[in-house]
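Student: Shown below is the structure under consideration.
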Amino acid sequence: MSWRLPRPLQWLDGLRGRILQFVGSEIIFDRIETARMEHGRAQRLADWLSFADEFAATRPDALERMTEMWRPDLIVTRRDTPPARSTGPADAEEAALAALVVDLRPQLRNRDFQVSRDGADLTGSLRLGNGGWITFRAGSYFVSRPQLIHYMASVLLLLLCVILVALLFGRMIARPLGQIAIAAGRVGGEDVVPIKVEGPREVRQVAAAFDRMQTRLLAQVRDRVQSMAAMSHDLRTPLARLRLNASTVEDADTRSALEQDVEEIEGFVASILDYLRGDDPEPEQRADIASIVMTVVDEARDRGEDAEYAGPHRLEAVTRPLKLKRLVRNIVQNATRHAGNARVTLKHTQNGIAITVTDDGPGIPESEIETVFEPFRRVEASRNRHTGGSGLGLAIAHRLAVRLGGTVTLANRPSGGLEAVIHLAAGPEPYDTALQASLPTTSASRTNANIKMD
Amino acid sequence: MFTQQTRNIPDGGVKFAVAPDPEPASILIVDDDAGMRRVLHRILRANGFHCLLASDGKAMFDTLESINVDLILLDVMMPGQNGFDICRRLRSVDDNPVPIIMISARGEQADLVTGLELGADDYIAKPFTESELLARVRAMLRRSRMPQAHMPPHPRSLRFAGWSVELGQRALFSPTGARVEISGAEFDLLLALLEHSQRVVGRDLLLELSRARLGNASDRTIDVHICRLRRKLGDEDKRELIRTVRGFGYIFTQPVEQV
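Which chain is which? The protein sequence lines are P and G, in order. In this text, residue positions in the first sequence follow our numbering: the first is 10, and each later residue adds one. In this text, residue positions in the second sequence follow our numbering: the first is 579, and each later residue adds one.
Written out as structure tokens, the structure is:
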């Protein structure tokens, strides 16, 4: 929209103005079209009647032949006596129609031409120029079908134009709206979504308002995240003091109780920071997924937890390694904490990479399986703080999975226990141990072959 | 991250044989939080270290003018000059090689990398335990007293057999350029082996190193970590990169290039 209407007329540019313009022109057009069709029908009747008038006397069967030709649109019959004049008050519509026909063919003037409506038909009579009378019946005169067929081409053309115009308008409005919808869908992703301000005025306003909303929303979220992160960080200094001071407490029971409390608070602070940190930007890079999963399992084992890993020792893909590590760690911790064990497998499938964590715990009630990914949501049975954790673990996992362009799903296993599957769309050309083995020039193996030490 | 690894430390921390050191090591504690300074001072003094306290960067540099210290414990989050600024100035302006352990409340990978790239030698995340603190301090002092053989002061990365170890990021990259996840303890072990490549490294040294990360490290812990390292290096079956020297320790067989 490079041009601008003068200010008092600007509403015309709006969506309302455009619709009003369209409807108005449509009504006017309809009126004109109806008048045109009425005029056309009268013209045809006038033509036929004057033809009959002129040629009725040329042959004895002239009128029959004409009727033959025009049936069922017009049936003319000869009469020797004048027909009875219509009784009752003259209908204004009939009079107007008669006048119109006479106007169109002046030779019918002063011929006692009269018409009357009989249902959908038009009947009437006319005194012929060279003596005698005819009566006629124009079948289905008031049904516009014949005319419609006649004008079908123009109607279709009109329809086509209207559809085109409607589509054009629709597109003008829908395209920017569609872009706003796409933008709205992406808000809350990695960064600010730019929105093009274009289209009719209202749509432009929506786009601008949306942009402002996004800016405000992001600022608010950033504020909250920052204050929450600052709060959590600030808690760590007093926590550190508390932990170090606790080690001087003589009474072993008190000391271990204090240390346990510190640990619990620290766990909570760490998971809040983890949850907030899900948004931190992290570049994608080629990473060994197997080493990430193995490291997480090893960490759990070092804490004395029952965790096992089964899978390749190397599986390379392009991902965000820090986020993936946090994701796997959260899922494994969820299993070891609530079920007491975790079996982790890594597989490279045709449609990506699957990291499966199964446990032998009680599982999750089917009714709650949908909601466990919400923050601060704990399964009823684990409200107990000691096994319950912060209630953020799975929410963190879910956010991280989304950021990684993957999914995390939970399902109760038929044989008991829970199965969590992290699915990642494989990066380009995943590189696993099988591939490595088939490459003779891998530098590790080459160097190993060269150097023999004894 | 580190706190989790040391979760199962028994009460009272790990008892080390106190080295027969005629002169106690002096440690400078730089922290704006008075309570933190006090408790660090108490713990270190009780364990035979001589402590100096500074509440900010200015006080720290004033102290360093007149006294040589063996180690600096440096808090990252301080008003005014923060730990990173101080670290940078100490290394690049004053050219002071004194070992630095950063203390941060943020425990984030980015902080760790920043600190180490600015020249800090180690990093400890709040809230840490007493035994973790002592293990780190002792490991750092021991390392700084060990002659660094042929190592140039600060190589940025080490290369071997196509692999590369980025010291600043504490990251390991495979010959195909993929980042291989490696735990802090595994990294320390690998570094010790690489620093003494093609020479036998005794178990006692590896054990000492591991204790800085894992308070309850034992001989068995070393074996487990070496096994994990081999697995990640694709060396589990061949055992050609890292070899066991029975009854003594391990040897890293490949030449290591410093970049």
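Heads up, the beta-carbon is just placed ideally off N, CA and C, and yes, glycines get one too. Please read these numbers as outputs of a predicted model, since none were measured by experiment.
Going by beta-carbon coordinates alone, are residue 648(G) and residue 709(G) separated by less than 8 Å?
Tutor: Numbered from 1 along the second sequence, position 70 holds the residue referred to as residue 648(G). Numbered from 1 along the second sequence, position 131 holds the residue referred to as residue 709(G). Not in contact: residue 648(G) and residue 709(G) (Cβ atoms no closer than 8 Å).
Student: Determine the closest residue to residue 824(G) out of 797(G), 639(G), 646(G), 769(G), with distance taken between C-alpha atoms.
Tutor: As a working note, residue 824(G) is residue 246 in the second sequence. When only C-alpha atoms are compared, the closest one is 797(G).
Student: Would you mind telling me which residues of chain G sit closer than 9 Å to residue 322(P), beta carbon to beta carbon, in chain order?
Tutor: As a first step, residue 322(P) is located in the first sequence; it is residue number 313 there, counting from the start. 809, 810, 812, 814, listed in chain order.
Student: Give a yes or no on whether the minimum CB-CB distance between residue 294(P) and chain G is below 8 Å.
Tutor: Position 285 of the first sequence, counted from the first residue, corresponds to residue 294(P). Output row for residue 294(P): interface = yes.
Student: 8 Å is my cut-off, CB to CB: does residue 706(G) come that close to chain P?
Tutor: Within the second sequence, the letter at position 128 stands for residue 706(G). Yes, because at least one Cβ of chain P sits closer than 8 Å to the Cβ of residue 706(G).
Student: With DSSP as the reference, identify every bridge partner of residue 836(G), one or two as the case may be.
Tutor: Here the question's residue 836(G) lines up with position 258 in the second sequence. DSSP, once it has assigned bridges, lists 736(G) as partnering residue 836(G).
Student: Taking 8 Å as the threshold (beta carbon to beta carbon), is residue 761(G) in contact with chain P?
Tutor: Within the second sequence, the letter at position 183 stands for residue 761(G). Cβ-Cβ to chain P under 8 Å: yes for residue 761(G).
Student: Tell me the rounded alpha-carbon separation between residue 38(P) and residue 166(P).
Tutor: The residue you call residue 38(P) lines up with position 29 of the first sequence. The residue you call residue 166(P) lines up with position 157 of the first sequence. Distance between the alpha carbons of residue 38(P) and residue 166(P): 14 Å.
Student: Suppose contacts are defined by Cβ-Cβ distances below 8 Å. Is residue 85(P) in contact with residue 103(P) by that definition?
Tutor: What you label residue 85(P) is simply residue 76 of the first sequence in a count that begins at 1. What you label residue 103(P) is simply residue 94 of the first sequence in a count that begins at 1. Taking 8 Å as the Cβ cut-off, residue 85(P) and residue 103(P) do not qualify as a contacting pair.
Student: For residue 607(G), return the contacting residues in chain P, with the cut-off set at a CB-CB distance below 7 Å.
Tutor: Position 29 of the second sequence, counted from the start, is the residue given in the question as residue 607(G). Neighbours of residue 607(G) on chain P: none; closest Cβ ~12 Å, over 7 Å.
Student: Considering only their Cβ atoms, is the gap separating residue 355(P) from residue 324(P) smaller than 8 Å?
Tutor: Position 315 of the first sequence, counted from the first residue, corresponds to residue 324(P). Position 346 of the first sequence, counted from the first residue, corresponds to residue 355(P). In this structure, residue 355(P) lies closer than 8 Å to residue 324(P) by Cβ.
Student: Residues of chain G with a CB under 7 Å from the CB of residue 301(P): which are they?
Tutor: Against the first sequence, residue 301(P) aligns to sequence position 292. Chain G residues near residue 301(P): 759.
Student: Using a Cβ-Cβ distance cut-off of 8 Å, determine whether residue 250(P) contacts chain G.
Tutor: Taking the first sequence and counting its residues from 1, one reaches residue 250(P) at position 241. Residue 250(P) counts as touching chain G.
Student: When DSSP labels each residue in this structure, what does residue 143(P) get in the three-state scheme?
Tutor: What you label residue 143(P) is simply residue 134 of the first sequence in a count that begins at 1. It is a strand residue.
Student: Residue 356(P) by DSSP, collapsed to three states: which one?
Tutor: One-based indexing of the first sequence puts residue 356(P) at position 347. Here residue 356(P) sits in strand by DSSP.
Student: For residue 817(G), count neighbouring C-beta atoms within 10 Å of its own C-beta (all shown protein chains included) and say buried if the count is 16 or more, exposed if not.
Tutor: Counting from one through the second sequence, the residue named residue 817(G) turns up at place 239. Residue 817(G) is exposed by the Cβ-count criterion.
Student: Can you tell me whether residue 143(P) is buried or exposed? The criterion is at least 16 other CB atoms within 10 Å of its CB, across all chains shown.
Tutor: Stepping through the first sequence from its first residue, residue 143(P) is reached at position 134. With 16 or more other Cβ atoms within 10 Å, it is buried.
Student: At a CB distance below 7 Å, what residues from the segment 221-235 of chain P approach chain G? Give them in sequence order.
Tutor: Listed by position along the chain: nothing, the set is empty.
Student: The alpha helix (DSSP H) spanning residue 380(P) covers which residue range?
Tutor: As a position in the first sequence, residue 380(P) is number 371, starting the count at 1. Segment: none, residue 380(P) is in no alpha helix (DSSP H) and carries neither H nor E.
Student: Starting from residue 751(G), trace the beta strand (DSSP E) in both directions and tell me its first and last residue.
Tutor: For this step, residue 751(G) is matched to residue 173 along the second sequence. Run containing residue 751(G): 749-751, per the beta strand (DSSP E) assignment.
Student: Chain G partners of residue 254(P), CB-CB under 7 Å?
Tutor: For the purposes of this step, residue 254(P) is taken as the residue at position 245 of the first sequence. Within chain G, the residues near residue 254(P) are 617.
Student: Cutting at 7 Å between CB atoms, please list the residues of its own chain near residue 57(P), excluding the five before and the five after it.
Tutor: The sequence position of residue 57(P) within the first sequence is 48, counting from 1. Only 79, 83 meet the Cβ criterion.
Student: Using alpha carbons as the reference points, say which of 656(G), 716(G), 636(G) lies closest to residue 242(P).
Tutor: As a working mapping, residue 242(P) is identified with position 233 in the first sequence. Considering only alpha carbons, the answer is 656(G).
Student: Cβ of residue 692(G) less than 8 Å from any chain P Cβ?
Tutor: The residue given as residue 692(G) occupies position 114 in the second sequence. Cβ-Cβ to chain P under 8 Å: no for residue 692(G).
Student: Starting from residue 276(P), trace the alpha helix (DSSP H) both ways and give me its first and last residue.
Tutor: Residue 276(P) sits at position 267 when you count from the first residue of the first sequence. It spans 261-286 - the alpha helix (DSSP H) in which residue 276(P) sits, taken as one unbroken run.
Student: Only counting runs of 3 or more residues, tell me where the beta strand (DSSP E) segments fall wholly within the segment 220-248 of chain P, in order along the chain.
Tutor: As far as the segment 220-248 of chain P is concerned, it has no whole beta strand (DSSP E) run of at least 3 residues.
Student: Is there at least one Cβ from chain G nearer than 8 Å to residue 345(P)'s Cβ?
Tutor: What you label residue 345(P) is simply residue 336 of the first sequence in a count that begins at 1. False, the Cβ-Cβ gap to chain G never drops below 8 Å.
Student: Can we say the segment 375-383 of chain P touches the segment 307-322 of chain P, given the rule of at least three CB pairs closer than 8 Å?
Tutor: The segment 375-383 of chain P is not in contact with the segment 307-322 of chain P.
Student: When the cut-off is 8 Å and only beta carbons count, does residue 729(G) lie next to chain P?
Tutor: For this step, residue 729(G) is matched to residue 151 along the second sequence. Interpretation of residue 729(G) is limited by its pLDDT of 48, a score under 50 that renders its predicted location unreliable; no figure is taken from the coordinates.
Student: Where do the ends of the alpha helix (DSSP H) carrying residue 742(G) lie?
Tutor: For the purposes of this step, residue 742(G) is taken as the residue at position 164 of the second sequence. Careful: residue 742(G) lies outside any alpha helix (DSSP H), inside the beta strand (DSSP E) at 741-744.
Student: Report the residue from 806(G), 704(G), 771(G) whose alpha carbon sits nearest the alpha carbon of residue 247(P).
Tutor: One-based indexing of the first sequence puts residue 247(P) at position 238. With distances taken between Cα atoms, residue 247(P) lies closest to 704(G).
Student: Mind pulling the chain G residues with CB within less than 7 Å of residue 245(P)?
Tutor: Here the question's residue 245(P) lines up with position 236 in the first sequence. Within 7 Å Cβ-Cβ: 683, 704, 705.
Student: Where are the alpha helix (DSSP H) runs, 4 residues long or more, that stay fully inside the segment 631-687 of chain G, in chain order?
Tutor: You should have 635-644, 661-666.
Student: Going by DSSP, which residues form a beta bridge with residue 830(G)?
Tutor: Position 252 of the second sequence, counted from the start, is the residue given in the question as residue 830(G). DSSP lists 820(G) as partners of residue 830(G).
Student: Sorted by chain position, which residues of the same chain lie with C-beta nearer than 6 Å to residue 121(P)'s C-beta, five sequence neighbours on each side aside?
Tutor: Position 112 of the first sequence, counted from the start, is the residue given in the question as residue 121(P). Once the five neighbours on either side are set aside, the close Cβ partners of residue 121(P) are 136.
Student: Take residue 427(P) as the anchor and find which of 191(P), 257(P), 373(P), 415(P) has the nearest alpha-carbon.
Tutor: Translated into positions along the first sequence, residue 427(P) becomes position 418. For residue 427(P), the nearest C-alpha among the options comes from 373(P).
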